[in-house]
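**Q** Got a structure for you, questions after.
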Amino acid sequence: MAIVDPAVDPYLISAVAGVVGLWLVNKLLSTNPVPETEAKPFGKIDENGVLWANATFKQFHHTPLAGCCTVPAVMADSIAKYGSRRCVGKRPLLERHYEEFQGKEVEKLTFGESYDWMTYSEFGAAVGALGSAMVSMAGLKTGDTIVIYAETQLEWMLAAQAAFSQALRVATVYATLGMDGLTFGISQTKAKVIVCDARLLKIVASGLKENNVAMKHVTHIVFIKDQVLKPDPKAAAAIDSAKALIAKAGVKVVEIDDAIESGKVSPLSPVAPAPEDIAVVMYTSGTTGNPKGVLISHGNVVAGMVGMVDRLQPGGISIASGEGEAYLSYLPLAHIMEMICQCTIYCIGARVGFGSPHTLTPTSPKIKAGTCIGDAAALGPTLMVFAPAVLDKVYAGLMAKIKADKKIIQWLFAKGLAAGEANFAKGIIGAPWLYQKLLFKKVAALLGGKIKFAGTGSAPLAANAQMFVQTCFNSPVRQGYGLTETCGSSCVQNACDNSTGMVGPPTSSTVIMLKDWPEGNYLTADKDDPSIGMPRGEVLIGGPMVCQGYLVDPDDPDAEVIKKNENEFHEQFGIRWFHTGDVGQFTPLGQLQIIDRKKDLVKLQQGEYVALSKVENAMKACPLVELPMCYARSTASYCVALVCPSHAALKALGASMDLGTDVPELCKHPEIVKEVAKQCNAAVKGKLVGFEIPKKIGLVAETWTPESDLLTAAMKLKRKQICDAHMAELNELYA
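This is the structure we're talking about:
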């Protein structure tokens, strides 16, 4: 489908032709300026070299609501204030289809066109009932842990809030981790209750069937039923089989709706946790080795929330106006960024619609073609958070479509994007009015056409992707930075900071300090070097949102985890600090810029250091590249790279070179590999020095995914696993 409706093309042509020289269009540029609501500089450095949010210099904000210092207290306040507002919603799944693709059976879905909603009062009642049921049926006590092992959905947050309402801990396990990740989390936390997807019951059943000692504490499984409206005998049979195996192992299986009903019959009074009590044991996605259980207190979560609330307000969103705001939740709730963002949305009284990464648009891979619109169009979100990998895909996909469209459309898009980039440099959001109305409106409609603010995190966002998305969707696109250990929202660009490559100043509940890293030649004294002019070093994050450390299993203490607790956290200036392992610099405007990663540094044969992530971020500027991985050996004088290409862009390239459109064949063709390498080199020109540019590139036809265990659930590279899977190709590149 063309980006621009063919029926509109004649009007577009005549409209552009009528605006001779585009002089009038240029007069219509300044229609959406960035709100200049904050004074520059954005952050301020004190006498100890600590960077603070400018508006709250030397003063932390601990909670968004006076007197609400825990997650259930904030939720209870919202339920009391916003009872009749829409709170959480999901699209009804009408039908599940099964199709064959490249010799494999794939699932396709058809959804209803609109969301079904629960009000804050209805959600609060369900939270109380489910919390009561879990405590009663499993005999749980204050401080006990439940494990949530499920994809992002309404019932995930319902289960978490239910646990919080009874002062229980929630342990989050990524749905992509499989049985090993599940049993590891259960073994460490001694959880009695697992809340899981119906379709993950088979993994739980496998663990119990094998009489796994790690799962010996489990007494109850609360499962989220398969909610497809049209019966799906295949899925139903698999669920019934898993339930039978679990029951045979002596563990009780309860459907979540039945648990809620039982809790309504025998309700318990809420149990209030203390701010210092642990709310979440959040298992990292495990880029190397076993995942670590990060201990996050209620006070940590609430401090993370206030940082987000304070940063949203300059973007035109305030607690008072939350009623009109909608947030699309599709990233993993087992990831801290999504959990904090969603808790913040409840705090301001807005609504959350649940979707998935594979059903966002009508062309998403899990949508049955032609049967329904995507999640974003159905919801019309005003707020969204993206993993940069998602925006990189949006960018690559749209650019490939544009290149395949008619010449006049390509010309118009080039003009519109150039105008949008020019506006970006002037501090103006979006493209000129005419381009926005006649060209980019259809693109914006893919995400509902109502976005006011888009945030990104978990990895750097390429400058061209940031400008492209801001132009096409006519809304501020701002980067953020944080880690699980710091409740995610440590830094967020200000709404008025229309710059690329920055993660902004710290939030009102955070401070940043840089520590010298002599081995990497990054020093705070670099501010006095005229060629650099900025302090540089390892990023240390401090404040009330820094977690309580990593979980150590008393029955099986891990010496490495104990060492991390000792080495990665410390107290200084009366502040708790976490050592991130990232390398950053402070700009003259008080922004943090992430420039390197200590673990990503490889020393080449001649002694030069290559920062792998730096190379990868530069390579993402090439439209042909979807996922790059730079690789270097200390015994070699150069680095190489593996690239998962954008399939749409690669097919277009193959067709233009008369080499066909078969992706696996194209990835092997020497001329295609040569052309991709050529375009990658052009994209990184001026961003990398000679020894940093990959000398050879290999193309990988099957895109890495969390399901293949080559990406984390947060879409980060699992380097070891990728290297293991592609060692033959890497050896060939070095041959």
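Numbered per this note's numbering, the sequence shown spans residues 244 to 978. Glycine included, each C-beta is placed from N, C-alpha and C at the ideal position.
(1) Rounded to the nearest angstrom, what separates G261 and V686 at their Cα positions?
(2) Could you tell me if V932 is buried or exposed, where buried requires 16 or more neighbouring beta carbons within 10 angstroms of its beta carbon?
(3) So is A250 buried or exposed if we call it buried at 16+ other beta carbons inside 10 Å?
(4) In whole angstroms, what is the alpha-carbon distance linking A569 and K287?
(5) Going by DSSP, what residues sit across from V735 in a beta bridge?
(6) Just grab the DSSP bridge partners of A884 for me.
(7) Under the three-state reduction of DSSP, which class applies to I391: helix, strand or coil?
(8) Which ranges would you report for the alpha helix (DSSP H) in the segment 330-414 if only whole runs of at least 4 residues count?
(9) Looking at C-alpha atoms only, which residue of Y874, A978, S877, P866 is the closest neighbour of L896?
(10) Could you check which residue in L574, G725, I837, M551 has the C-alpha nearest to that of V979?
(11) How far does the alpha helix (DSSP H) with E809 in it extend, from its first residue to its last?
(12) Within 10 angstroms of the Cβ of I242, are there 16 or more other Cβ atoms? Answer buried if so, exposed if not.
(13) If you follow the alpha helix (DSSP H) that C715 is part of, which residue opens it and which one closes it?
(14) Give every residue of the same chain whose Cβ lies closer than 7 Å to the Cβ of L704, excluding the five residues on either side of it in the sequence, and list them in chain order.
(15) Could you check whether V545 and V293 sit closer than 9 Å to each other, using their CB atoms as the reference points?
(16) If you count every other CB in all the chains shown that lies within 10 Å of the CB of L472, and 16 or more means buried, which is it?
(17) Note down, in chain order, each residue of its chain lying with its Cβ closer than 8 Å to the Cβ of G763, except the 5 sequence neighbours on either side.
(18) Tell me whether the beta-carbon of A698 lies closer than 9 Å to the beta-carbon of C584.
(19) According to DSSP, L783 sits in a beta bridge with which residue or residues?
(20) Starting from G698 and walking both ways along the alpha helix (DSSP H), at which residues does that stretch end?
(21) I'd like the list of long-range same chain contacts for S257, defined as Cβ closer than 7 Å, with 5 residues on each side in sequence excluded.
(22) DSSP three-state label for F667, please.
(23) Of the choices G731, N717, P719, whose alpha-carbon is the least far from that of A702?
(24) Answer yes or no: do P516 and P315 have a C-beta to C-beta separation smaller than 9 Å?
(25) Please look up how many angstroms separate the CB atoms of V461 and Y793, rounded, as I've assumed it's under 8 Å.
(26) Would a C-beta distance cut-off of 9 Å place A414 and T432 closer than the cut-off?
(27) Measure the beta-carbon distance from K435 to L383 and round it to whole angstroms, keeping in mind my assumption that it falls under 8 Å.
(28) Mind checking I965: buried by the 16 CB within 10 Å criterion, or exposed?
(29) Have a look at I482 and F821 and give me their C-alpha separation to the nearest angstrom.
(30) Leaving out five residues on either side along the sequence, give the residues of the same chain with a beta carbon under 6 Å from the beta carbon of G374.
(31) If you compare alpha carbons, which of A296, S540, K959, L401 is closest to V595?
(32) Distance, Cα to Cα, I755 vs V552?
(33) Please list the terminal residues of the continuous alpha helix (DSSP H) segment that includes L571.
(34) Can you tell me whether DSSP reads G747 as helix, strand or coil?
(35) Could you spell out the range, first to last residue, of the alpha helix (DSSP H) harbouring R962?
(36) Output the distance between the C-alpha atoms of E859 and A298, rounded to the nearest integer angstrom.
**A** To lay it out plainly:
(1) Bear in mind that the predicted position of G261 carries a pLDDT of just 33, short of 50, making it too unreliable to give a figure here.
(2) exposed
(3) Because the pLDDT of A250 is 33, which lies under 50, any placement of that residue in the model is unreliable, and the number read from its coordinates should be weighed accordingly. Label assigned to A250: exposed.
(4) 33 Å
(5) G723
(6) C873, I940
(7) In this structure, I391 counts as strand in the three-state DSSP scheme.
(8) 363-381, 397-408
(9) For L896, the nearest C-alpha among the options comes from P866.
(10) Only positions 244 to 978 of the chain appear in the structure, and residue 979 is not among them; the question remains open.
(11) 802-810
(12) Residue coverage of the chain in this structure runs from 244 to 978, which leaves residue 242 outside it and unanswerable.
(13) 706-716
(14) P631, L634, Q722
(15) no
(16) exposed
(17) Hits under 8 Å: V826, D839, K841, L844, Y852.
(18) It is worth fixing the name first, because residue 698 is Gly in this sequence and not Ala. Against a cut-off of 9 Å, the Cβ pair of C584 and G698 comes out as a contact.
(19) M756, H822
(20) Looking at the DSSP string, G698 is not in any alpha helix (DSSP H); the run it does join, the beta strand (DSSP E), is 696-699.
(21) With a pLDDT of 35 at S257, under the threshold of 50, the modelled position of that residue is not reliable, and no figure is offered here.
(22) Residue state, collapsed to three classes: helix.
(23) G731
(24) Going by C-beta atoms, P516 is nearer than 9 Å to P315.
(25) Between Y793 and V461 the Cβ distance is about 23 Å, and since that is not below 8 Å, they are no contact.
(26) yes
(27) 7 Å
(28) Around the beta carbon of I965, 16 or more other beta carbons lie within 10 angstroms, which makes this residue buried.
(29) 43 Å
(30) A405, S408, Q409
(31) L401
(32) 19 Å
(33) First-last for L571: 569-572, but that is the beta strand (DSSP E), not the alpha helix (DSSP H).
(34) strand
(35) 962-968
(36) 35 Å
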